[in-house]
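Reviewing the structure listed below.
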Amino acid sequence: MEAKKLLPLISFFLILLVRKTNAQSLGDPVVSITFGSGSSTHSGALPADSGSTSYTYSSANFPSDGSYTIENTTAGAGNVWWSATDHTGNTGGYMMVVNASVSKTDYFYKRAITGLCSNTTYQFSAWVVNLLRSNDISPPNITFAIEKTDGTIIQSFNTGTIARTSNNYQWVQESFNFTLPAGVGDVVIKMINNSAGGAPANDLAIDDIVFRPYGPVIEASFSTSSSANTASACSDVPQTYTLNTTIPSGYTVLWQYKNGSGAWMDITGANSTSSNYQITSPSVAGTYYYRAVTAQAGNINSALCRSASNVLTLTVGAPPQSTATANTPVCAGTTLTLSASTGVSYQWTGPNGFTSAIQSPTIDNVTAAAAGTYSVTVKSSSGCEVTATVPVVVNAQPVAAVDAVEPICEGSSVTLNASGGLTYSWLPATGLSDASIANPVASPTDNTLYTVTVSNGTCTSTATVQVDVIKKPMANAGPNRYITQGQSTTLNGSTKGTNVSYYWTPTDNLSSSLELTPTAAPMEDITYTLHVVSNSGCGDEATDQVFVRVYKKVVIPNTFTPNGDGVNDTWEIEALNTYPTSTTQVFNRYGGLVFKSTGYPEAWDGRSNGQGIPSGTYYYVIDLKNGNVMSGWVMVVY
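For the sequence shown, this note's numbering gives the first residue as 5, with consecutive numbering after it.
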């Protein structure tokens, strides 16, 4: 087979070999270059402490051949390159972007490393991406070289062609392992360009350059089982764990730990060739990590020479800060409410066989058997638990009682008598001599339901008593009445009081003396009296009077002859003189007033201003001042 065809195949097997040996244990990075991150597209030139390059720094989005830039995206380079971002995954993370020079006698990256351990194996790796989108006449091809400080090559590795991808850019990790010769502790790592630049050719980005120890496989566990990589404990219950690992022949093991995201720290006294080490779980809640680091004898104390095992995780949870509470003391017959805080599960136990698995259980209609101490075991999300207790006191309920009372007359009093407690409180307090004693004197004005709350010092109960008030009799005969003789009127009597009887006196001309609204038809003025008496014997008889005025019937003649013959000489109006406030007016046919009188003490003799009036028809208006007005004509004849 031709050498040209063998080269890609050899590169393929080398990559497989590297990936297979990656199963070995790696140490902490001696060098880790991520190029940082920032909000601006471009960073500055490569700092001296981050390595060097033979290329010229440029801040252009598309640097020219032989130039490089540090940026977080290639989106500004146009359509020739993929719009790539850094491999690290940091927000705004930077990467080193290189537009290779036409000459192949240059290097992309170089870094000196000192203080390494001879006869120790290390791994060098970097992530590389081909940026060209649609055409690449000379893809990237890189040699990783490890040199002594005098330039002598210790070992090198060729990546072969890093081909263009058709759908999108793709980061590729390239790595190889090497062992330092005896007596060598300082080296130079170098990434050498093997491909010519041009247009378009050999455009790439580099990120996450890592150099770290690479040792034999060591597996760590919390037990003899290699799968026991996690364990848990509670801060208040110390647990002992045995950390186990494998130790290659000729190597020393050192156990380390870190708390959360802190730095790895050596465990004092855990440096030996023993395959196990005992620890006690910390008393402070948190996440703790453990691992074993290994190195050849004599190199275990140098972080640049150690490889590490898998990481063991110990989660130490805190017991919940839970308390138990209750609405104690409670009174028998009420509801007892228990409650616990801060947990994910709860288990209650208590007197009288009580159990519950809810956070806030209740016991309805509680009895004295429920008194005692209740315990709740509260478990947190970490699996840790705490037990809290609360004592509960159940007090007996007093039995309130109050004596029934007979109805009382309005204006009278009655003594209420309650029992069953140490203190008393009455409602309503209106009408009571003292609302805070067992036997107050009640003087209500109306029917009242009194409630007494009886207390024994801790619990209460209530009782009620009805006090009915018999109202005294009251009479109201109604307003005075006015009628004309021969008419009738209805008396409008009314009463107040409880269980009363009534009657009218006198009974003359009444339709009924035992009705409140009888019909009265007297012929003369009369005063009627309404009598109201209590059938319960409460209060004196009540009376009230109504006056009925009976007006005489007025008879008006329509002719008289004032000729002096002694017969019918005056206008005699029957009964008009019984209306002393009435007014009488007579007018001639022209509306002139010819006669006026108040009360009609004397009959009109047909004269006006001392002179007899002519014969004829005259018109009158008589106002009786009781709501009746009469009018008509009268003829005067001589």
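Using N, Cα and C, we set each Cβ at its ideal position, and we do this for glycine too.
Residue from the options with nearest C-alpha to residue i
i	options	result
VAL403	THR468, TYR113 and PHE161	THR468
ASN592	THR234, TYR623 and THR156	TYR623
SER567	LYS383, ILE617 and ILE146	Note that residue 567 is Asn in the sequence shown here, rather than Ser. Minimum Cα distance to ASN567 is reached at ILE617.
LEU644	THR153, ALA203 and VAL406	No answer is possible for residue 644: it lies beyond the span of the chain, which begins at 5 and ends at 642.
ALA442	THR449, ALA433 and SER107	ALA433
PHE358	THR341, ILE251 and GLY347	THR341
GLY201	VAL558, ASN145, SER129 and ALA446	ASN145
ALA374	GLY55, ASP32, ASN399 and GLY321	ASN399
PRO561	SER343, VAL550, ASP573 and ARG553	ASP573
ILE1	VAL84, GLY40, ALA52 and VAL106	Residue 1 lies beyond the residue range present for the chain, which begins at 5 and ends at 642; the question has no answer from this structure.
THR190	TRP259, ALA235 and GLY119	Before going further, note that residue 190 is Asp rather than Thr in the sequence given. When only C-alpha atoms are compared, the closest one is GLY119.
SER326	SER279, THR381 and ARG295	THR381
ASN331	LEU318, VAL315, THR366 and TYR261	THR366
In DSSP terms, what residue i is bridged to
i	result
ASN280	ASN248
HIS91	Beta-bridge pairing links HIS91 to no other residue.
LEU136	TRP85
ASN145	THR165
GLY376	VAL396
GLN549	THR533
ASN197	ILE146
TRP131	GLN177 and ASP211
Where residue i falls, given that 16 or more other Cβ within 10 Å makes a residue buried
i	result
MET195	buried
GLU178	buried
LYS629	exposed
ARG168	buried
VAL348	exposed
ASP90	buried
PRO323	buried
ASN197	buried
ILE362	exposed
TYR594	exposed
SER527	The question names Ser, but residue 527 in the sequence shown is Met. Its Cβ having fewer than 16 others within 10 Å, MET527 is exposed.
THR124	buried
SER142	buried
ARG611	exposed
GLU389	buried
PHE551	exposed
ALA344	buried
VAL638	buried
Residues near residue i by beta carbon distance below 7 Å, same chain, minus five either side
i	result
LEU187	At residue 187 the sequence reads Gly, which differs from the Leu that was named. For GLY187, where only same-chain residues beyond five positions count, the Cβ hits under 7 Å are SER122.
THR511	SER517
SER619	VAL640, VAL641 and TYR642
THR338	VAL370
SER230	With a pLDDT of only 49 at SER230, under 50, the local geometry of the prediction cannot be trusted, and the value read off the model is given with reservation. Around SER230: GLU223.
ALA81	ASN65 and PHE66
LEU453	THR468 and GLN470
HIS46	SER63, THR73, ILE74 and GLU75
SER36	VAL214
THR547	ALA479, THR533, LEU534 and HIS535
Three-state secondary structure (DSSP) of residue i
i	result
SER54	helix
ALA322	coil
MET5	Note that MET5 scores 35 on pLDDT, short of 50, meaning its location in the model is unreliable; the coordinates nonetheless yield the value given after this. If DSSP states are grouped into helix, strand and coil, MET5 belongs with coil.
PRO411	coil
ALA104	coil
GLY202	strand
PRO217	strand
LEU13	Caution is warranted here: a pLDDT of 31 is assigned to LEU13, below 50, making its placement in the model unreliable, and the coordinate value is therefore given only provisionally. Note: LEU13 maps to helix in three-state DSSP.
ASN581	helix
GLY80	helix
GLY357	helix
GLY273	strand
PHE112	strand
ILE367	strand
LYS476	coil
LEU20	Model confidence at LEU20 stands at a pLDDT of 33, short of 50, so the residue's coordinates are unreliable; what they give is reported in the following sentence. Of the three classes helix, strand and coil, the one that applies to LEU20 here is helix, per DSSP.
Own chain residues within Cβ distance below 6 Å of residue i, not counting five before or after
i	result
GLY4	Absent from the structure is residue 4, since the part of the chain shown begins at 5 and ends at 642.
ILE626	THR588 and MET634
THR502	ILE474 and LYS475
ASN26	Low confidence applies to ASN26: its pLDDT is 39, below 50, so where it sits in the model is not reliable, and the reading given next is rough at best. None.
VAL406	ALA422, VAL456, ALA467 and VAL469
TYR113	GLY55, THR57 and MET195
GLY42	GLY96
ILE304	THR256 and LEU258
Cβ neighbours of residue i in the same chain (closer than 8 Å, five flanking residues each side left out)
i	result
ASN451	GLN470, VAL471, ASP472 and VAL473
Residue i Cβ short of 7 Å to the ligand GTP heavy atom set
i	result
GLN615	Absent from the structure shown: the ligand GTP. Ligands present: none.
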